[in-house]
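Have a look at the structure below before the remarks.
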Amino acid sequence: MVLQKSSTGTTVWGHSSKVGDVVHIKMNNSEVFQAVVKSNQIWEAKLTSPSDHGPYIISAVSSLGTIQISDVLFGDVWICSGQSNMEFTTNKLLNSSEEYSDSTSYQSIRFIHIHKQFSATPFTDIDSINSGWNTPNQRSLQTFSAVCWLYGKFLSQHFNYPIGLVETNWGGTRIEAWSSPDALKRCAGFSGRKRNQYYESHLYNAMINPLLRNTIKGAIWYQGESNAAHAYKYTCQFQEMIFDWRTKFSTASLGTTSSSFPFGFVQLAPWREGESNLGFPQVRWAQTSNVGYVPNSLLPHVFMAVAMDLPDFHSPYGSIHPRYKHEVAYRLYLGALAVAYHVEGINFEGPFPTSATIDNTHRHLTIEYDRGLHPIEVRSNQGFEVCCVNHTTNVCNAFDNHWVNVTMESHDFASVTLDVSTCSHGNHVAQVRYAWRESPCPFHQCAVYGKITNLPGPPFTFYVH
Numbered sequence: 001m002v003l004q005k006s007s008t009g010t011t012v013w014g015h016s017s018k019v020g021d022v023v024h025i026k027m028n029n030s031e032v033f034q035a036v037v038k039s040n041q042i043w044e045a046k047l048t049s050p051s052d053h054g055p056y057i058i059s060a061v062s063s064l065g066t067i068q069i070s071d072v073l074f075g076d077v078w079i080c081s082g083q084s085n086m087e088f089t090t091n092k093l094l095n096s097s098e099e100y101s102d103s104t105s106y107q108s109i110r111f112i113h114i115h116k117q118f119s120a121t122p123f124t125d126i127d128s129i130n131s132g133w134n135t136p137n138q139r140s141l142q143t144f145s146a147v148c149w150l151y152g153k154f155l156s157q158h159f160n161y162p163i164g165l166v167e168t169n170w171g172g173t174r175i176e177a178w179s180s181p182d183a184l185k186r187c188a189g190f191s192g193r194k195r196n197q198y199y200e201s202h203l204y205n206a207m208i209n210p211l212l213r214n215t216i217k218g219a220i221w222y223q224g225e226s227n228a229a230h231a232y233k234y235t236c237q238f239q240e241m242i243f244d245w246r247t248k249f250s251t252a253s254l255g256t257t258s259s260s261f262p263f264g265f266v267q268l269a270p271w272r273e274g275e276s277n278l279g280f281p282q283v284r285w286a287q288t289s290n291v292g293y294v295p296n297s298l299l300p301h302v303f304m305a306v307a308m309d310l311p312d313f314h315s316p317y318g319s320i321h322p323r324y325k326h327e328v329a330y331r332l333y334l335g336a337l338a339v340a341y342h343v344e345g346i347n348f349e350g351p352f353p354t355s356a357t358i359d360n361t362h363r364h365l366t367i368e369y370d371r372g373l374h375p376i377e378v379r380s381n382q383g384f385e386v387c388c389v390n391h392t393t394n395v396c397n398a399f400d401n402h403w404v405n406v407t408m409e410s411h412d413f414a415s416v417t418l419d420v421s422t423c424s425h426g427n428h429v430a431q432v433r434y435a436w437r438e439s440p441c442p443f444h445q446c447a448v449y450g451k452i453t454n455l456p457g458p459p460f461t462f463y464v465h
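Using full-length UniProt numbering, the first residue of the sequence shown is number 1, and each one after it goes up by one.
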């Protein structure tokens, strides 16, 4: 197993039927802490992280006996959660055989899978719902999350120290199931319904709450497809779930998990071919708290992988399950380097607009990216729309017929110019939006990428000046 190596320490804990008993915690036979069994029959200790990564033998010795765990490493522990695209296993990857043979080089990675359980009341322990810690090999990796594994592998390559991965996911589930009642009550529409894994808090109770006492580095999340029909709720739900997880992990782990731990997510990938602009575009926007990029003031210490340019319409697992998980994991990894690990010089975001200026004389709209500081690469002249309204308003509904497609007329170092002559005279251009489709472009062929980073610019909607 892997325990979090941290300047604030790491928690170890356990159960005992003998309230008041003293539990002696030992590392390699040297006592490092004494804990007392509390009235809830739980003992817990905050250990100082050792100077090296191990392996260690950790023992808990009390009057009732001794429990010993061997091959314990200290490194970074990441939670991997969400629905079916996080559950998507490594044996479904395009190059799964290469991953299996390559895994022998990553023996300092350990991973554990939390079995699917739901509950109307919170569980306190994962004893009965986990597969045990594994080292990577063909047998153990086959049914483990591809995104989680690849993300951990990239981190291991960069840092060359132990990485612990905790997979807890369930396909087809909504964010409400992964949120505590406290988080849901802060958003409109909390019903308190109780039945199965699709109901509010049932997966939080069974598959997140039992993990809270453990010290972690952060979490990554791939979910949102099942919330597309109610995307308008997702902005609040996502904010509050992240805040709530952070608060509860920090409190339950005796402050050893940061109350602002880094949280990464995958912005929804494409689904079906066609021109649908319902559901997925709104969830992608909501995932950024309607800002368009992260981190931001509403989602601090958050990073994302843009995935809208990774369609897999012929995936044998359904087009909602694209097989291009390497790109997803690598983009998450870049965000983690910058946001979670503060590695300098990491370009982890695609181009994002900082201004949209109209030239009414020539019917042109110029969008400047990143204040003109970073070069863009243009791969298509499609994907842009403008909202044409009369001069009495600037209000555009995401679904109304005021939106018209426009084409890119030209581009330069860090800006694109759109032909907006299709906006009829008597109306004005109030807003511009980009990639506002369920599946906005062919593979790696959206319009705007970072020339240096090769990362796609995310979808946006922007007021015109």
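Think of the CB as a built atom: it goes at the ideal place given N, C-alpha and C, for glycine as much as any other residue.
query	result
Expected contact under 8 Å - CB spacing of residue 47 and residue 9 to nearest Å	6 Å
Span separating the alpha-carbon of residue 76 from that of residue 409	48 Å
Check whether residue 117 and residue 27 have beta carbons under 8 Å apart	no
Separation of residue 220 from residue 348, as counted between CA atoms	16 Å
Cβ-based burial, residue 281 [other Cβ within 10 Å; buried from 16]	buried
Proximal residues to residue 184 (C-beta, below 8 Å), its chain only, five neighbours per side dropped	176, 190, 200, 201, 237, 240
Cutoff 7 Å; reference residue 231; Cβ partners in own chain excluding five residues on either side	279, 282, 283, 286
Cβ neighbour criterion (16 or more within 10 Å) applied to residue 5	buried
Contact check, residue 326 vs residue 150, beta carbons under 8 Å	yes
Any alpha helix (DSSP H) of 4 or more consecutive residues that is wholly inside the stretch 252-296	280-287
Spatial neighbours of residue 364 in its chain, beta-carbon cut-off 6 Å, leaving aside the 5 residues before and after	417
Rounded distance between the beta-carbons of residue 446 and residue 386, thought under 8 Å	The pair is not a contact, with the Cβ atoms about 18 Å apart (cut-off 8 Å).
Beta-carbon separation (whole angstroms), residue 171 vs residue 87, contact threshold 8 Å	5 Å
Proximity below 8 Å, CB of residue 435 to CB of residue 308	yes
Outcome for residue 463 when other beta-carbon atoms lying within 10 angstroms are tallied against a minimum of 16	exposed
Outcome for residue 18 when other beta-carbon atoms lying within 10 angstroms are tallied against a minimum of 16	exposed
Whole-angstrom distance between residue 315 and residue 322, CA atom to CA atom	6 Å
Inter-residue CB distance, residue 167 and residue 111 (contact presumed, cutoff 8 Å)	7 Å
Boundaries of the alpha helix (DSSP H) in which residue 183 is found, first to last residue	181-185
DSSP-derived helix/strand/coil call for residue 164	strand
Residue 396 to residue 356 span [Cα, whole Å]	16 Å
Host alpha helix (DSSP H) of residue 157 (start-end)	146-159
Alpha-carbon spacing of residue 173 relative to residue 84, whole angstroms	8 Å
Inter-stretch contact (C-beta, 8 Å, three-pair minimum) for the stretch 330-343 and the stretch 93-102	no
Among 268, 273, 209, the one whose alpha carbon lies nearest that of residue 245	209
Every unbroken beta strand (DSSP E) within the stretch 40-117, with a cutoff of 3 residues, ordered by chain	42-47, 56-62, 65-82, 109-113
Simplified DSSP assignment, three categories, for residue 26	strand
As assigned by DSSP and simplified to three states, the class of residue 467	The requested residue 467 is not part of the displayed model; the chain covers only 1 to 465.
Cβ-Cβ distance between residue 169 and residue 131 below 8 Å	no
Any beta strand (DSSP E) of 3 or more consecutive residues that is wholly inside the stretch 364-410	364-369, 376-378, 384-390
Per-residue DSSP class, three states only, for residue 6	coil
Residue 421: first and last residue of the uninterrupted beta strand (DSSP E) it sits in	Note, residue 421: premise wrong, no beta strand (DSSP E); not H, not E.
Under 8 Å between C-beta atoms of residue 455 and residue 414	no
Cβ-based burial, residue 269 [other Cβ within 10 Å; buried from 16]	buried
Beta carbon of residue 96 nearer than 8 Å to that of residue 90	yes
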